[in-house]
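The next block holds one structure in the form of structure tokens; read it before the comments.
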Amino acid sequence: MASEIPAHEIVVTRSPEERQQCYDVRINVFHHEQHFPLETEIDESVPAPPFLPPDHNVPFLNRHEDTATHFLLRLVPSLTPVGTIRLHQVKSPSGDYYKLTRLAILKEYRKYRFGRELVESLHEWVKAHALETNPVTIVCHSQLPVQGFYAKLGYLPEGEQFDEEGDPHQKMVLRLPL
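Heads up, the sequence shown is in the working numbering, so the first residue is 860 and it goes up one at a time.
The structure is reproduced here in structure tokens:
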């Protein structure tokens, strides 16, 4: 018998507390579960997050936290965070695009297809906020085991596989009609 999908909502973060909940989900998934280095998970342009000691010496590598749009999937009515995704706009001489990054769902909630809901919410947000011509390009760097997930959402592989943060990835591109 299939499990009943828990009541939930997806919100665009509006407060430091909500953004911290996104970080907590990402750290749980990418650092604790998948063993990526902690220092690759949070942007250097924001104040040190509360999980780090005041005398930390972590060289933050990401540079998109402040300018990104963070989506948070949380259970209701408890507001327990269980998933997140991040989007930022990239200005490029070869054409501007949006970059989907840091999709993370807590392991025990992946069976509910929350990842698909987060990506679809991100697509709807882009359609509502895009100032570009039709279609809008969305790019992601997919870990190889989840490349099929993005393909089912219309993303196509582009270029060769590459290493990102010590793990093989594939650039995936979606041309999203407005």
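Where a beta carbon is used, it is the ideal one built from N, C-alpha and C, also for glycine.
With residue i and residue j assumed to form a contact (beta carbons below 8 Å), what rounded beta-carbon distance in angstroms separates them?
| i | j | result |
| --- | --- | --- |
| Val-804 | Ile-964 | Any question about residue 804 goes unanswered here, given that the chain covers just 860 to 1037. |
| His-929 | Arg-975 | Not quite, the Cβ-Cβ distance comes to about 18 Å (not below 8 Å), so this is no contact. |
Under the rule that 16 or more other beta-carbon atoms within 10 Å means buried, what is residue i, buried or exposed?
| i | result |
| --- | --- |
| His-894 | exposed |
| Ser-862 | exposed |
| Phe-1021 | exposed |
| Val-870 | exposed |
| His-988 | exposed |
| Val-888 | buried |
| Glu-924 | buried |
Terminal residues of the continuous alpha helix (DSSP H) containing residue i?
| i | result |
| --- | --- |
| Pro-936 | Taken as a continuous stretch (DSSP letters only), Pro-936 belongs to no alpha helix (DSSP H), as it is neither H nor E. |
| Ser-980 | 973-988 |
| Gln-1006 | 1006-1011 |
| Gln-879 | 875-885 |
Taking the C-alpha atoms as reference points, what is the distance between residue i and residue j?
| i | j | result |
| --- | --- | --- |
| Glu-1017 | Lys-1030 | 6 Å |
| Leu-962 | Arg-1034 | 19 Å |
| Leu-931 | Pro-952 | 31 Å |
| Val-1005 | Tyr-956 | 22 Å |
| Leu-1015 | Leu-1003 | 13 Å |
| Leu-1012 | Val-1032 | 10 Å |
| Glu-944 | Glu-1019 | Sequence check: residue 944 is Ile here, not Glu. Those two C-alpha atoms are separated by around 24 Å. |
| Arg-873 | Tyr-882 | 14 Å |
Going by the beta-carbon positions, is the gap between residue i and residue j smaller than 8 Å?
| i | j | result |
| --- | --- | --- |
| Arg-865 | Leu-938 | In the sequence as presented, Arg is not what sits at residue 865; that position holds Pro. No, they are not a contact pair. |
| Lys-958 | Leu-1037 | no |
| His-900 | Lys-966 | The sequence shown places Glu at residue 900, rather than the His named in the question. Cβ distance not < 8 Å, so Glu-900 and Lys-966 don't count as in contact. |
8 Å is my cut-off, CB to CB: does residue i come that close to chain D?
| i | result |
| --- | --- |
| Leu-962 | Note that chain D does not occur in the displayed structure, where there is just one protein chain. |
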